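Line by line, the protein sequences give chains U and Y. Under this note's numbering, the first sequence has 23 at position 23, and the numbering climbs by one with no breaks. Plus 165 on top of the position in the second sequence (first one is 1) and you've got this note's numbering. Ideal Cβ positions, reconstructed from N, Cα and C, are used throughout, including at glycine. A quick note: this is a predicted structure, and the numbers were derived from the prediction, not measured. Notes for the one structure printed next.
Number of protein chains: 2
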Amino acid sequence: MHSEAVASRSADQRNGSPQLDAVSLAIIEQLQEDGRRPYAAIGKAVGLSEAAVRQRVQKLLDQGVMQIVAVTDPLTVGFRRQAMVGIHVEGDVESVADALTAMSECEYVVMTAGSFDLMVEIVCEDDDHLLDVINRRIRAVPGVRSTESFVYLKLKKQTYMWGTR
Amino acid sequence: MHSEAVASRSADQRNGSPQLDAVSLAIIEQLQEDGRRPYAAIGKAVGLSEAAVRQRVQKLLDQGVMQIVAVTDPLTVGFRRQAMVGIHVEGDVESVADALTAMSECEYVVMTAGSFDLMVEIVCEDDDHLLDVINRRIRAVPGVRSTESFVYLKLKKQTYMWGTR
DNA sequence: CTGAGACTTGCGGATTTCGCAGCAATGGCG
DNA sequence: CGCCATTGCTGCGAAATCCGCAAGTCTCAG
Numbered sequence: 001m002h003s004e005a006v007a008s009r010s011a012d013q014r015n016g017s018p019q020l021d022a023v024s025l026a027i028i029e030q031l032q033e034d035g036r037r038p039y040a041a042i043g044k045a046v047g048l049s050e051a052a053v054r055q056r057v058q059k060l061l062d063q064g065v066m067q068i069v070a071v072t073d074p075l076t077v078g079f080r081r082q083a084m085v086g087i088h089v090e091g092d093v094e095s096v097a098d099a100l101t102a103m104s105e106c107e108y109v110v111m112t113a114g115s116f117d118l119m120v121e122i123v124c125e126d127d128d129h130l131l132d133v134i135n136r137r138i139r140a141v142p143g144v145r146s147t148e149s150f151v152y153l154k155l156k157k158q159t160y161m162w163g164t165r
Numbered sequence: 166m167h168s169e170a171v172a173s174r175s176a177d178q179r180n181g182s183p184q185l186d187a188v189s190l191a192i193i194e195q196l197q198e199d200g201r202r203p204y205a206a207i208g209k210a211v212g213l214s215e216a217a218v219r220q221r222v223q224k225l226l227d228q229g230v231m232q233i234v235a236v237t238d239p240l241t242v243g244f245r246r247q248a249m250v251g252i253h254v255e256g257d258v259e260s261v262a263d264a265l266t267a268m269s270e271c272e273y274v275v276m277t278a279g280s281f282d283l284m285v286e287i288v289c290e291d292d293d294h295l296l297d298v299i300n301r302r303i304r305a306v307p308g309v310r311s312t313e314s315f316v317y318l319k320l321k322k323q324t325y326m327w328g329t330r
């Protein structure tokens, strides 16, 4: 539904860039610290009225520039195995990427320059699940020539502070 | 800050997963769809009172199981270059990971099994910035033996739906 | 049995959200 | 130049939500 809004919208908007000004940036920063912060508090912080903040936030959400969501550590939610998978593709990379994007276990799909054509992050419940996804599902996608897996041992950092610097 | 001094409680939580039940999972799913959804609406959806939802959400936040934040597409916020960097480490991997975690450009740091010991995601403003981070900063960290970079060409998918399956 | 923990219901008061009526600045356009 | 539509902001009530608190229920463990 709107789970992929950020990624998909960014493609749509390539030629209509929203041009965020300093105030919108500041609003986003506020919401990156706390997604439930009241509009009035944000307004005080960025120098705008409560109503103005509300309108801008709504627009940012509608445009898909940002989304306000709960994020969790997969391990604490029952997903015990994660891996980054580098993929070598022959033929059309984009179509392979689309196929992987359609898989619910693929949390993250990106086309890259370098020794891999694609990198995808996989989130699974256990080893069997992970094995199945990598060896049966991913390698079955037409165009996938080979894969290399990096099983996660420990997630050290995970932030959502883009634009805060 | 809060009362974590209770002996039994702290023992449970120290080693990771607080074992979320179905109801907390359902609450998280609600907040993954909309981080600002009112507690009463969540309660109606998961079969709990407004007060109970409020208490559970607060606890989930305090425990660090989830966080409610705004997430954006880096490209629309002025960060034009991203890369995944695989790192070979000699010596203590954890200390290298800590050093990378401290760098604001490192959005994501994970220890892995496979041909890389660490994988980090870098978010930068431009090519110069990216070059500086990879060649000067990361490679300057003691223990980093070599790196391999995968510059992002196109982000195809990026979800935050852990636990929704 | 007793205490702890979690949930519910109910309740006010403070806070927040929300819709709407202005109002000022902007940018075509005849 | 005047007109008008658009945009973004403010101010203001009304409605909804948040939040703390108290009392009662239920379950589980010691």
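- Contact with chain Y is found for residue 76 of chain U, since one of that chain's Cβ atoms lies less than 7 Å from the residue's Cβ.
- Of the candidates Y/275, Y/288 and Y/258, Y/288 places its Cα closest to the Cα of residue 317 of chain Y.
- Boundaries for residue 109 of chain U: no alpha helix (DSSP H) harbours it, while the beta strand (DSSP E) harbouring it runs 106 to 113, taken from the DSSP string.
- Taking the CA atoms as reference points, residue 190 of chain Y sits about 43 Å from residue 293 of chain Y.
- Residue 265 of chain Y sits in a helix when the DSSP states are folded into three classes.
- With contacts defined as CB atoms closer than 7 Å, residue 120 of chain U and residue 325 of chain Y fail to qualify as a contacting pair.
- Under the Cβ criterion of 7 Å, residue 232 of chain Y is counted among the residues facing chain U.
- With a cut-off of 8 Å on Cβ pairs, the segment 101 to 113 of chain U is not in contact with the segment 48 to 57 of chain U, counting fewer than three such pairs.
- Looking at the DSSP output, residue 295 of chain Y bridges to nothing.
- In the DSSP assignment, the residues bridged to residue 82 of chain U are U/123.
- Assignment of residue 70 of chain U by DSSP, reduced to helix, strand and coil, places it in the strand class.
- Taking the Cα positions, residue 311 of chain Y is about 6 Å away from residue 252 of chain Y.
- Taking the beta carbon of residue 109 of chain U as reference, the chain Y residues within 7 Å of it are 321 and 322, listed in sequence order.
- Taking CB atoms only, residue 316 of chain Y has a neighbour in chain U less than 7 Å away.
- Setting aside the 5 residues that flank it on each side, residue 188 of chain Y is surrounded in the same chain by 211, 212, 213 and 221, each with a C-beta closer than 8 Å to its C-beta; the list follows chain order.
- The beta carbon of residue 309 of chain Y sits closer than 7 Å to the beta carbons of 252, 254, 261 and 303 from its chain, once the five residues preceding and following it are set aside; these are given in chain order.
- Contact of residue 312 of chain Y with chain U by beta-carbon distance below 9 Å is absent, the smallest such distance being about 11 Å.
- Residues of the segment 25 to 43 of chain U with a Cβ closer than 8 Å to any Cβ of chain Y, in chain order: 25, 28, 31, 32, 33, 34, 35 and 36.
- Counting along the chain, residue 145 of chain U sits inside the beta strand (DSSP E) bounded by residues 144 to 158.
- Residue 268 of chain Y has a beta carbon lying at 7 Å or more from every beta carbon in chain U.
- In the DSSP secondary-structure assignment, residue 254 of chain Y is bridged to Y/309.
- Secondary-structure assignment with DSSP links residue 118 of chain U through a beta bridge to U/87 and U/111.
- For residue 43 of chain U, the three-state secondary structure derived from DSSP is helix.
- Interface with chain U (7 Å Cβ-Cβ cutoff): residue 256 of chain Y is excluded.
- Taking a contact as a CB-CB distance under 8 Å, the pair residue 108 of chain U and residue 323 of chain Y counts as one, their CB atoms being some 6 Å apart.
- Check the Cα spacing between residue 77 of chain U and each of Y/296, Y/307 and Y/194: the tightest is with Y/194.
- Excluding sequence positions up to five before and after residue 291 of chain Y, its CB lies within less than 7 Å of the CB of 245 and 246, all in the same chain and listed in chain order.
- For residue 192 of chain Y, the enclosing alpha helix (DSSP H) covers residues 187 to 198.
- Contact of residue 279 of chain Y with chain U is assigned, a C-beta pair being separated by under 7 Å.
- Contact between residue 276 of chain Y and residue 156 of chain U holds: CB atoms are separated by about 6 Å, below the 8 Å threshold.
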